[in-house]
Amino acid sequence: MRRETAATGCRFFYVTQANKLQFGSRHLDLDQPAVMGILNVTPDSFSDGGSFTDRDLALRHAESMLSAGASIIDVGGESTRPGAMPVSEQQEIDRVLPVISAIVDRLDVIVSVDTSKAGVMRAAVAAGANLINDVYALRQDGALQAAASLDAAVCLMHMQGSPATMQKNPRYENVAGDIAEFLKGRIAACTAAGLAQERLLVDPGFGFGKNDKDNLELLHRLDEFRRLGRPILVGLSRKRTLGNLTGKSIEQRLSAGVAAAVLAVERGASIIRTHDVAETVDALCVAQAVMKAGSHKVVMANG
Ligand code: 9MG
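Just so you know, my numbering puts 1159 at position 79 of the sequence shown, and the rest follows in order with no gaps.
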């Protein structure tokens, strides 16, 4: 299979095994890593708090992430940062729905809804969302049944505890092994509920009930998650571990986030969730070209 990253403008070709995420009758090719741009429409989100609660502003930001090379826009209406306050289902729907509808009407991009609530999943997919990004991996009431009844893909993320408590005292016997077992169990629960494997992504959930040592070991051992047989999504953008390593504030973690994204892709990640789309797209283009260099299958776009 010969592919060009037309959306990102990355100027090399290579050939690889098919790696697809199915949603409805459409699919996303993951032969090359894709970038998921973060669009938080919450007043208290992790690192861009309050910026995109206005619908037109949110739409413009989605547009700019799309032109920077994002393949997916992840719209979230409830903050999942440590200690964040929960919001009601209706509040979350009121926040995300106008933004999802506006993106679906105007932009040609895959729309993801960052939610754990069955009602939000249903409303978002009815409005045109293609992917459900669930930090609870469909463990909240009715979520598994709702997702199984919809035509969307699902990202199953690992979290120990809940956002309110998860950073108190996270504990693992073997961080990568424990989390891979959890994700294997969630894939089994999904398939038993009628959700085809082709619709699933897995995500170890960096920062969700993990200390810095756990996060670093998880990134180091990310390739072990390939055994689950599903594409891996990674989100490290601007997270606390990067700040603890570099001593930088949230706004100064761009380089650290890009480095982490490159390391993740080298170890098998297919989707990088980030606030910093343009920089991540460029870095992944170079990483991919280097990873494939030496293979007779690489052909530069300019010959
Ligand atoms: C919503 N959200 C915040 N961080 C995330 C991460 O690392 N992965 C996924 N899938 N979602 C996240």
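Even glycine gets a Cβ: it sits at the ideal position worked out from N, Cα and C. Please read these numbers as outputs of a predicted model, since none were measured by experiment.
- Here the alpha carbon of Q1368 sits roughly 11 Å from the alpha carbon of A1114.
- Following the DSSP letters along the chain, one finds L1177 in no beta strand (DSSP E) but inside the alpha helix (DSSP H) bounded by residues E1169 to R1186.
- Leaving aside the five residues that flank M1239 on each side, the residues in its chain whose CB is nearer than 7 Å to its CB run, in chain order, V1215, Y1216, M1246, G1285, F1288 and G1289.
- 7 Å or more divides the Cβ of A1164 from the Cβ of A1198.
- When DSSP assignments are scanned along the region 1306 to 1343, the uninterrupted stretches of beta strand (DSSP E) that are 3 or more residues long and fall wholly within it turn out to be 1312 to 1315.
- Here N1213 has D1154, S1192, D1194 and C1235 as same chain residues with Cβ atoms under 6 Å from its own Cβ, once five neighbours each way along the sequence are excluded.
- In this chain, the beta strand (DSSP E) harbouring L1236 covers A1233 to M1237.
- A heavy atom of ligand 1 is found nearer than 6 Å to the CB of M1237.
- Short note on L1313: C-beta closer than 6 Å to some heavy atom of ligand 1.
- By the beta-carbon neighbour count (other beta carbons within 10 angstroms, threshold 16), Q1277 is exposed.
- Counted as a single uninterrupted DSSP element, the stretch harbouring M1145 is not any beta strand (DSSP E) but the alpha helix (DSSP H) occupying residues R1135 to S1147.
- Here DSSP, grouped into helix, strand and coil, assigns G1285 to coil.
- Exclusion of the five residues before and after K1248 leaves no residue of its chain whose Cβ lies closer than 6 Å to its Cβ.
- Inclusion of V1121 and A1142 in the CB contact set at 7 Å is not warranted, their separation being larger than that value.
- Within the region 1190 to 1259, the complete alpha helix (DSSP H) runs of at least 4 residues fall at 1198 to 1206 and 1223 to 1229.
- The closest heavy atom of ligand 1 lies 6 Å or more from the beta carbon of T1360.
- In this structure, I1190 and H1355 do not form a Cβ contact; the two beta carbons are roughly 18 Å apart against a cut-off of 8 Å.
- Ranked by how close their Cα comes to the Cα of L1263, the residues N1291, L1313 and D1362 have L1313 in first place.
- Not one heavy atom of ligand 1 falls within 6 Å of the beta-carbon of T1195.
- For D1292, the shortest separation between its Cβ and any heavy atom of ligand 1 does not lie below 6 Å.
- Here K1290 is not bridged, per DSSP, to any residue.
- Between R1301 and R1318, the C-beta spacing is not below 7 Å.
- In this structure, F1286 has its beta carbon less than 6 Å from a heavy atom of ligand 1.
- Distance check between I1259 and each of A1273, N1295 and D1362 places N1295 closest, using alpha-carbon atoms only.
- Distance between G1222 and L1322, taken at the CA atoms: about 35 Å.
- For Q1368, the enclosing alpha helix (DSSP H) has its first and last residue at V1357 to K1372.
- Inclusion of N1213 in the 6 Å shell around ligand 1 follows from its C-beta lying nearer than that to a non-hydrogen atom of the ligand.
- Using a Cβ distance threshold of 7 Å, L1280 and R1310 count as a contacting pair.
- DSSP places D1154 inside the beta strand (DSSP E), whose first and last residues are I1152 to G1156.
- Boundaries of the beta strand (DSSP E) harbouring N1120: A1114 to N1120, taken from the DSSP string.
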